[in-house]
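J.: Residue 548 in my numbering sits at position 60 of the sequence shown; the count goes up by one each step and never skips. Note that CB positions come from ideal geometry on N, CA and C, so glycine has one too.
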Amino acid sequence: MNSAPQFAVFPASGDETPVLSDTTRAMLRANAPKEECGDAPIGASMDLLRGEGLMLDDGTENPQRTVAALMQIGAANLSVGRLWEGHVNALRLLRLYGSAGQVRRAEALIASGALLGVWGADGAPPVTRDENTGKLNGEKLFASGLGTVTHALITVNSGPEVQLALVDVRDENRADARQWDMLGMRATASGKFDFTGLSLDKSALIGAPGNYLAEPHFIGGVWRIAALQAGAAAGLIGAAAEQLRAADRLEAEAQKTRLMQVLMRVWAGMAMAERAATAAQCDSLDPERIVATSIAARLFTEEVGLEAISAVEQSLGLRHFTQSAETGRMARDLSVYLRQAARDAFLQRAAGQALAEDEGFWGVFK
Ligand SMILES: Cc1cc2nc3c(=O)[nH]c(=O)nc-3n(C[C@H](O)[C@H](O)[C@H](O)COP(=O)(O)OP(=O)(O)OC[C@H]3O[C@@H](n4cnc5c(N)ncnc54)[C@H](O)[C@@H]3O)c2cc1C
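1) Return yes when the Cβ of Leu-536 is within less than 7 Å of the Cβ of Ala-578, no when it is not.
2) Is Thr-638 near ligand 1 - that is, is its Cβ less than 6 Å away from at least one heavy atom of it?
3) For Phe-834, which residues from the same chain have a beta carbon less than 6 Å from its beta carbon, with the 5 sequence-adjacent residues on both sides left out?
4) Taking Thr-643 as part of the beta strand (DSSP E), name the residues at either end of that continuous run.
5) Roughly how many whole angstroms lie between the Cα atoms of Arg-513 and Ala-563?
6) Does the structure place the stretch 815-826 close enough to the stretch 659-672 that three or more beta carbon pairs sit under 8 Å?
7) Output the distance between the C-alpha atoms of Ala-898 and Glu-703, rounded to the nearest integer angstrom.
8) With a 10 Å radius around its C-beta and 16 neighbouring C-beta atoms as the bar for buried, classify Met-489 as buried or exposed.
9) Is it the case that the Cβ atoms of Lys-680 and Leu-716 are separated by a distance below 7 Å?
10) What are the boundary residues of the alpha helix (DSSP H) that includes Lys-744?
11) Is the stretch 808-815 touching the stretch 734-751 in the sense that three or more CB pairs, one from each, lie closer than 8 Å?
12) Once you ignore the five residues that flank Ala-520 on each side, which residues in its own chain have a CB closer than 6 Å to its CB?
13) Do Gly-626 and Pro-613 have their CB atoms nearer than 7 Å?
14) Give me the Cα-Cα distance between Arg-753 and Arg-570, rounded to the nearest whole angstrom.
15) Could you have a look at Trp-572 and say whether DSSP puts it in helix, strand or coil?
16) Please give me, in chain order, every unbroken run of the alpha helix (DSSP H) with length at least 4 that falls completely inside the stretch 578-612.
17) Report yes if the C-beta distance between Met-758 and Ala-785 is below 7 Å; otherwise report no.
18) When we look at the beta-carbon of Ala-839 and count the other beta-carbons within 10 Å, is it buried (16 or more) or exposed?
19) Tell me which residue opens and which closes the beta strand (DSSP E) that Gln-651 is part of.
20) Tell me whether Leu-822 sits in a helix, a strand or coil according to DSSP, three-state version.
21) For a test of the three-state rule: what should DSSP assign to Leu-558, helix, strand or coil?
22) Classify Phe-706 as helix, strand or coil using the three-state DSSP reduction.
23) With respect to 6 Å, is the separation between the Cβ of Asp-832 and the closest non-hydrogen atom of ligand 1 below this value?
24) So, Ala-602 versus Leu-634, is the Cβ gap smaller than 7 Å?
25) So the candidates are Ala-557, Ala-609, Asp-546 and Met-818; which of them puts its Cα closest to the Cα of Gly-647?
26) Using the beta-carbon count (16 or more within 10 Å), is Phe-809 buried or exposed?
27) Residues bridged to Asp-682 by DSSP?
28) For a test of the three-state rule: what should DSSP assign to Asp-510, helix, strand or coil?
29) Ligand 1 and Gln-590: does any heavy atom of the ligand fall closer than 6 Å to the residue's C-beta?
30) In whole angstroms, what is the alpha-carbon distance linking Arg-593 and Thr-548?
31) Is it buried or exposed, Gln-836, if we count other Cβ atoms within 10 angstroms and call 16 or more buried?
In structure tokens form, the structure reads like this:
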């Protein structure tokens, strides 16, 4: 079995207690190649997180711990991290907008083994609900965790009045994982799910129309993606260093310089994700400032993720590109996961806040 990703690739912090045990991190890492090619179900890795007591975490109680968990999981197995991030997001939205009874039921489902996800990306046609019959029509795309996620928080009736609903998505006949024909993140099985004809009782609707888009919880929550991206970039550099050490090539100054320069920037991305996670829990802050801070973290970790992939390619050379190379798979997963929605629009939105005239000189501090 591969060893756990070395914590040396994580910066020192005031609390060195790992959220995940060494055994869990090592198993997550060892499972990843089998999960990529469908030889092992990703559900077994999700059960490891369940065993670590992570399934009732929604990122609010101890955001630093949640960020640390995302980074550690992202370093070991990014696909598993993606599914856990969806679960955390869904639970957060349920607790924000669901009634006490809905939250109790969802928590009971989780206790009995449910895994949640958030499926927002619409297909053609988008998912709508007929007010009179309660029947759904339409499909979701990029629906992560087909066959593993048991209950998805879906968006119904796209637009400003979008409505959240919690739906049982275990019907395999409605899922089409073949739609996920990506070079990376294959283990997430993020394909198409057809909701057409499903009855959706009003009791499954979560919150009011438009709640889903309310800030600072919507875009303000992308710090979770930033944390995963930064963790995955650190894990990639750690795996590359491990290979170079084994090949007696890490002592070359050029190698150390190349990797360390990127690693320092990954650490900066980690710090930004931590800061955004803490800010997101602060009720007294202007929501738009939280949004800008979270966007900055996500776009910065996208940049350092790209730099990490490039540095690892240069450091390892051709061996990185063999079918079985661990670094190759990690880089494939990371490069796909770096592709998140509307990067340019997000940058403009953050700039609109941080550089706004009414923010004055101190607006550039977050
Ligand atoms: C591993 C993985 C799992 C996922 N799982 C889920 C899931 O479970 N549920 C879910 O809902 N979604 C999921 N997604 C999809 C995700 O939410 C985004 O929809 C997706 O990542 C968008 O990526 P994109 O690069 O195509 O973004 P886009 O937003 O299409 O951006 C691509 C480029 O087009 C530009 N662009 C976008 N809009 C405009 C415009 N109007 N004018 C000019 N330029 C524009 C962007 O700035 C960017 O440069 C997943 C994605 C990944 C990678």
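T.: Here's the rundown:
1) no
2) no
3) Ile-783
4) 639-644
5) 9 Å
6) yes
7) Nothing about residue 898 can be read from this structure; the chain reaches only from 489 to 854.
8) Because the pLDDT of Met-489 is 42, which lies under 50, any placement of that residue in the model is unreliable, and the number read from its coordinates should be weighed accordingly. Flag for Met-489 reads exposed.
9) no
10) 741-768
11) no
12) Asn-565
13) yes
14) 22 Å
15) helix
16) 588-599
17) no
18) exposed
19) 651-656
20) helix
21) helix
22) coil
23) yes
24) no
25) Ala-609
26) exposed
27) Glu-627
28) helix
29) no
30) 20 Å
31) exposed
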